[in-house]
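Protein sequence lines, in the order shown, are assigned to chains A and B. Our numbering numbers the first residue of the first sequence as 1 and each following residue consecutively. Our numbering numbers the first residue of the second sequence as 1 and each following residue consecutively. One structure is given here, and the rest of the page talks about it.
There are 2 protein chains.
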Amino acid sequence: MSQSHYAINAVVRRTGLTAHVIRIWEKRYQAVQPERTATNRRLYSDEQVERLELLRDATKAGQSIGVVAKLPTDTLRRMALAASGAGAPARQKEALPDEASAFFEAALEAVRALDTRVLEQVLRRADVTLGTQGMLQRVAAPLAQALGSLWRDGTITAAQEHFATVVLRTYLATAAQIFAASGNEPVLVVATPSGQLHELGAMLVAASAANLGWRVIYLGASLPAAEIAGAVLQSRAKAVALSLVYPENDSRMEGELVRLRELLPAGTGLIIGGRAIAAYRPILDKIGAVPAQDLPRLLSVLDDFRK
Amino acid sequence: MSQSHYAINAVVRRTGLTAHVIRIWEKRYQAVQPERTATNRRLYSDEQVERLELLRDATKAGQSIGVVAKLPTDTLRRMALAASGAGAPARQKEALPDEASAFFEAALEAVRALDTRVLEQVLRRADVTLGTQGMLQRVAAPLAQALGSLWRDGTITAAQEHFATVVLRTYLATAAQIFAASGNEPVLVVATPSGQLHELGAMLVAASAANLGWRVIYLGASLPAAEIAGAVLQSRAKAVALSLVYPENDSRMEGELVRLRELLPAGTGLIIGGRAIAAYRPILDKIGAVPAQDLPRLLSVLDDFRK
DNA sequence: AAATACTAGACAAACAATTGACAATAGACA
DNA sequence: TGTCTATTGTCAATTGTTTGTCTAGTATTT
């Protein structure tokens with residue numbers, strides 16, 4: 001197989017664990033036993049990295065490291081499969097209230113410094129410690145929201161805001177990558193309608209849904225109703241999620257949304273979220289779209305459509 | 001096999017490594033053993049250049065040079081494959097002339113089908129088979145260009161065009177991340193100026209430059225001159241690359257570009273590329289910006305600014 | 001003459017390993 | 001409830017390694 005030998009630093013990058021933890025897991029529980037160079041540096045194989053990832057997931061799900069570290073890798077793989085299949089979050093560790101905000105602050109710091117690497121690292125670590133949904137709801141979503149107001153404040157520059165948007169966007173896209181391999185998940189089309197240029201909200205939805213086992217077709221920002229409907233037809237999607245942020249009083253929006261509902265096959269779910277939904281509330285009611293004020297509510301709505 | 005022999009300068013150009021590093025890798029780890037001229041100048045073969053590229057990628061991925069430099073080239077190739085996540089067959093260099101267009105066609109097919117997974121897979125495979133620069137220049141760039149005209153044709157829908165843009169964008173961003181910097185590479189700021197909404201060209205530049213060893217700060221689309229300059233100052237960037245695609249006759253562009261040049265520290269490189277540069281040519285000359293018609297030319301320009 | 005390339009040796013910053021100590025948490029038990 | 005204990009992650013200090021960069025001096029190419 002592959003002969004890769006990763007230094008501990010590379011393992012840190014891939015697993016999101018700290019070097020401290022990796023070493024202490026080895027010392028105390030013999031979780032992995034990496035080779036050593038002639039000068040005593042650890043060298044990890046792909047298998048060992050995978051094992052560490054599995055251990056990370058198991059502990060994140062509430063298992064104690066002392067127990068799972070002794071299990072063979074096969075068993076860990078089965079556990080991971082079972083856990084993701086059940087979708088039932090066992091006893092997800094409740095993070096401290098200020099733990100999420102520490103990540104938030106760290107992320108903001110990286111944004112100010114225009115430091116891609118650190119920003120990504122913070123997001124990945126939040127992903128590991130809070131769980132993907134926790135990271136999305138308590139770090140990424142607040143960050144996405146804060147960017148706008150901080151920029152209006154003058155607390156951050158437009159360049160920093162753009163920068164953060166791009167990095168966040170990329171992270172969400174890859175985090176949402178959830179192997180669509182199985183192919184028979186329900187399909188969700190995500191986009192923002194014509195005139196709505198802010199796409200971060202839509203990306204959050206896409207990442208969140210993908211993490212919960214939807215196959216997401218993400219179409220980006222500012223797409224006419226007919227196009228969205230076309231994509232739904234082509235992909236036989238079960239539901240559509242739109243995000244409305246700004247502007248809040250686009251007169252053409254009503255026409256767009258009505259048209260979209262007309263063009264969608266009967267039975268297709270239509271979920272609309274984002275800052276601006278309050279302003280468009282009457283329209284949503286009229287066309288029977290389900291509003292979702294925030295990410296948790298969106299997920300529960302998605303769950304209903306899944307059946 | 002081609003019998004070309006490259007002087008170290010050419011190798012620097014193609015790999016993004018410094019001459020110092022190339023020599024020290026040879027001395028300390030016998031990474032490559034180039035021929036010598038009668039007067040002791042190093043001469044590198046294509047195979048050796050490829051090997052250096054593989055070593056560069058492996059080290060950027062976190063493997064230590066001391067370990068990987070001793071591995072046979074075959075193993076390095078396999079590792080590059082594994083790292084890019086493709087289970088693809090290890091096609092050797094010298095791609096057929098139409099191989100790139102086969103990838104192009106396959107990519108287009110995936111776009112029509114709105115199939116994220118396949119589209120990503122095609123890009124990854126192209127990456128491995130043609131090399132990163134080959135993939136960028138012969139698949140991604142043509143695809144980015146084609147999307148616009150195909151959409152105007154009606155050959156593809158706007159939804160498909162949006163979809164392709166997003167997937168391509170994400171792939172380029174992560175591909176560029178793989179080469180994430182160790183910290184002391186020269187910094188390049190990439191963006192599109194106010195009014196220019198198409199960012200795919202800028203992303204291509206960013207990915208390409210990152211692959212050649214720049215630390216790229218990517219700011220996305222439509223940013224005012226003052227903001228771009230601010231980011232340059234903050235990051236102490238050596239150069240700025242802008243992409244102009246559409247519109248081709250924005251009257252405010254001249255003001256923006258002039259202002260940008262004024263705000264940039266003396267000595268900062270200013271490179272401008274994209275479909276629309278012909279239309280803005282007089283302005284570019286006026287402010288002393290270097291035009292770059294295509295990706296290969298951009299890279300050689302970047303090379304000049306490196307020092 | 002100026003730019004480029006070569007060697008050798010020195011250097012500093014980043015990276016790793018080890019150890020021992022510490023703090024937070026959960027569960028057990030009185 | 002409070003106290004004890006085992007578990008777990010974190011931290012600091014120290015030592016050693018790895019790696020890219022730099023300088024100086026010489027030679028070659030353009």
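Every residue gets a Cβ at the ideal spot worked out from N, C-alpha and C, and that includes glycine.
Problem set entry | Where Ser64/A falls: helix, strand or coil (DSSP) | coil
Problem set entry | Best match in Ala31/B, Glu105/B, Pro193/B, Ala140/B for proximity to Ala159/A [C-alpha to C-alpha] | Pro193/B
Problem set entry | CB-CB length for Ile271/A against Val301/A, believed under 8 Å | 5 Å
Exercise. Using the rule of at least 16 other Cβ atoms within 10 Å of the residue's Cβ for burial, across every protein chain shown, is Asn184/A buried or exposed?
Worked result: exposed
Exercise. So, is the C-beta of Tyr218/B closer than 9 Å to a C-beta in chain A?
Worked result: yes
For this session: Starting from the Cα of Leu76/B, find the closest Cα among Arg261/B, Pro34/B, Leu52/B and give me that residue.
Result: Leu52/B
Exercise. Buried or exposed: where does Arg306/B fall if 16 or more other Cβ atoms within 10 Å of its Cβ makes it buried?
Worked result: buried
Problem set entry | Alpha-carbon to alpha-carbon, Asp57/B and Val205/B | 18 Å
Exercise. Under the DSSP definition of a beta bridge, which residues are partnered with Glu35/B?
Worked result: Leu43/B
For this session: State the Cα-Cα distance for the pair Glu248/B and Arg41/B, rounded to the nearest angstrom.
Result: 48 Å
Problem set entry | Expected contact under 8 Å - CB spacing of Val12/B and Thr18/B to nearest Å | 6 Å
Problem set entry | Arg281/A burial status per 10 Å Cβ neighbour count (16 or more: buried) | exposed
Problem set entry | Residues of its chain near Ala229/A, where Cβ-Cβ distance is below 7 Å and the 5 sequence neighbours each way are ignored | Leu260, Leu263, Leu264
Problem set entry | Ala110/B versus Phe103/B, Leu119/B, Ala102/B, residue with shortest Cα-Cα distance | Leu119/B
Exercise. Would you say Ala106/B faces chain A, with C-beta separation under 9 Å as the test?
Worked result: no
For this session: Could you tell me whether any Cβ in chain A is nearer than 9 Å to the Cβ of Met253/B?
Result: no
For this session: Give, in chain order, every residue of the stretch 11 to 23 of chain A whose Cβ lies closer than 9 Å to some Cβ of chain B.
Result: Val11, Val12, Arg13, Arg14
Exercise. Is the distance from the Cβ of Arg138/A to the Cβ of Ala126/A below 9 Å?
Worked result: yes
Exercise. Who are the near neighbours of Leu200/B in its chain, counting only those whose CB is closer than 7 Å to its CB and skipping five residues on each side?
Worked result: Ala144, Thr165, Leu168, Arg169
Exercise. Is any heavy atom of the ligand PLP found at a distance shorter than 8 Å from the C-beta of Gln133/A?
Worked result: Absence of the ligand PLP from the depicted structure is noted, as is the absence of any ligand whatsoever, leaving it without description.
Problem set entry | Burial state of Gly288/B, where buried means 16 or more other Cβ atoms lie within 10 Å | exposed
Problem set entry | Under 7 Å by beta carbon: chain B residues contacting His5/A | Gln63, Val67
Exercise. Just to confirm, are Pro175/A and Tyr218/A a CB contact at a threshold of 9 Å?
Worked result: The sequence shown places Ala at residue 175/A, not Pro. Contact flag unset, no.
Exercise. Is any beta-carbon of chain B found at less than 9 Å from that of Asn9/A?
Worked result: yes
Problem set entry | Alpha carbon of Trp25/B to alpha carbon of Val128/A, nearest angstrom | 36 Å
Exercise. Do we get a CB-CB distance below 9 Å when we pair Ala279/B with the residues of chain A?
Worked result: no
Exercise. Which one of Asn211/A, Arg215/A, Gln63/A, Gln30/A has the shortest CA to CA distance from Pro296/A?
Worked result: Asn211/A
Problem set entry | Listed by chain order, chain A residues near Gly148/B by CB distance under 9 Å | Within chain A, no residue comes near Gly148/B; the closest Cβ sits about 15 Å away, beyond 9 Å.
For this session: Since I believe Ala140/A is in contact with Leu188/A (beta carbons under 8 Å), could you give me their beta-carbon distance rounded to a whole number of angstroms?
Result: The Cβ separation is near 18 Å, so there is no contact.
Problem set entry | Contact list for the stretch 282 to 307 of chain A against chain B, Cβ threshold 8 Å | none
Problem set entry | Reduced DSSP category for Arg236/B - H, G, I as helix; E, B as strand; rest coil | coil
Exercise. Looking only at DSSP bridge pairs, what is Ser243/B linked to?
Worked result: Gly273/B
For this session: Give a yes or no on whether the minimum CB-CB distance between Gly230/B and chain A is below 9 Å.
Result: yes
Problem set entry | Where Val67/A falls, given that 16 or more other Cβ within 10 Å makes a residue buried | exposed
Exercise. In chain order, what residues of the same chain lie with their CB nearer than 6 Å to the CB of Tyr6/B, ignoring the 5 residues before and after it?
Worked result: Tyr44
For this session: Give the residues of chain B in contact with Phe163/A, contact being defined as C-beta atoms less than 9 Å apart.
Result: Ile217, Tyr218, Leu219, Gly220, Ala231
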